[in-house]
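Remember, my numbering sits 42 above the position in the sequence shown when you count from 1.
Cβ coordinates follow ideal geometry from the N, Cα and C atoms, glycine included.
Remember, it's a predicted structure, so these values are computed and weren't measured experimentally.
Since the structure comes first, as structure tokens, the remarks are kept for the end.
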Amino acid sequence: EARTQRGIERRIEIDAILRRVPLFDSFGAEEIAELAGAVALQQFKPGAVVVREGDDGKSLFVVVSGLLDVFKQMEGGDQRKVGMLSPGNVFGEWSLLTGAARSATVTAAVDTGLIEIDKARLEPILTRYPETLAELSRIEAERSANNVNVMSFTPAERQEIAKVGMASFLRGKIMRFFSVADRG
């Protein structure tokens with residue numbers, strides 16, 4: 043009995059956290075509840091690697107507590123710290139949405155709590171609510187404007203971006219990756 047109660051409390055807590063994430067602004071209460079029921083809170087000790095640059099990734103992370111360091115591999119082969127992530131931040135969405143390899147290495151700077159959401163969990167929601175894809179594309183396009191990921195586009199992709207704009211380009215890329223029919 044006490045265990046189920048704790049499970050429900052944890053789900054309500056995750057629900058509340060997801061509700062505060064701008065990335066999920068377009069999701070209704072039902073979608074948030076569905077996601078919250080399917081994910082777990084993960085704990086990382088200082089120094090633990092959460093994602094490694096170049097690795098495959100099919101999930102995004104929401105920072106619940108703690109701090110993380112973001113590192114990029116530089117031309118000369120050395121790693122440089124390029125940023126920090128704090129509670130409320132989301133990372134890994136680029137890999138989740140497009141299937142691209144991880145664009146940076148993220149490690150826990152202190153004891154850190156994260157929620158991981160994988161493609162399998164998000165796919166059914168995005169399939170039912172294609173309008174959320176447009177929102178995800180818009181957020182990602184905003185981010186990409188000043189993001190390292192832009193550098194990894196092929197010349198053909200750059201041409202398409204110039205023609206249709208970043209948000210439309212990303213929306214198409216995301217829809218192809220999630221095999222969602224374009225109803226917009």
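With contacts defined as CB atoms closer than 9 Å, residue 216 and residue 175 qualify as a contacting pair. When DSSP states are grouped into helix, strand and coil, residue 123 belongs to the strand group.
By the Cβ test, the stretch 68-88 is not in contact with the stretch 129-139, since fewer than three Cβ pairs between them sit closer than 8 Å. The criterion of a C-beta distance shorter than 9 Å is satisfied by residue 104 and residue 159. In this structure residue 94 is in contact with residue 147, their Cβ atoms being roughly 5 Å apart against a cut-off of 8 Å. For residue 150, the beta-bridge partners assigned by DSSP are 110. The residue among 177, 124, 117, 101 with its C-alpha nearest the C-alpha of residue 213 is 177. In terms of Cβ geometry, residue 72 and residue 66 do not form a close pair [threshold 9 Å].
Distance from the CA atom of residue 130 to the CA atom of residue 111, rounded to whole angstroms, is 15 Å.
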